[in-house]
Amino acid sequence: MEYLAAQMSTHSKRAIWLAVNSEHGDRLVEITQEHTALARDLAVNKHLTDAEKESYKARIEQLRQERETILQQFEGR
Numbered sequence: 096m097e098y099l100a101a102q103m104s105t106h107s108k109r110a111i112w113l114a115v116n117s118e119h120g121d122r123l124v125e126i127t128q129e130h131t132a133l134a135r136d137l138a139v140n141k142h143l144t145d146a147e148k149e150s151y152k153a154r155i156e157q158l159r160q161e162r163e164t165i166l167q168q169f170e171g172r
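For the sequence shown, the working numbering begins at 96 and goes up steadily by one.
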């Protein structure tokens, strides 16, 4: 949820609250957990190849876009 809280700069607290408490809430938590795990592994695992790093970064971007799409649905409500 900390990851979602960081999005308050681009999304209103209300939009985040509505999204988390909607049918998308579980998916937002999953996105947060996966993103956090990938980012942590990128920072800690010094044995990742360049290809693996790029793969992680691409997946993180996909997760960000999915999160953005969900949260955008609740802006202005």
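Note that CB positions come from ideal geometry on N, CA and C, so glycine has one too.
Residue 144 is classed as exposed because its beta carbon has fewer than 16 other beta carbons within 10 Å across all chains shown. By the Cβ neighbour-count rule, residue 146 is exposed, with fewer than 16 other Cβ atoms within 10 Å of its own. Contact between residue 106 and residue 165 is ruled out by a C-beta separation of about 10 Å, above the 8 Å threshold.
Excluding residues up to 5 positions away in sequence, 126 lie with their Cβ nearer than 7 Å to the Cβ of residue 161 in the same chain. Counting along the chain, residue 141 sits inside no alpha helix (DSSP H), nor does DSSP assign it H or E at all. When the five nearest sequence neighbours on each side are left out, the beta carbons in the same chain lying within less than 7 Å of the beta carbon of residue 113 are those of 169 and 172, in order along the chain.
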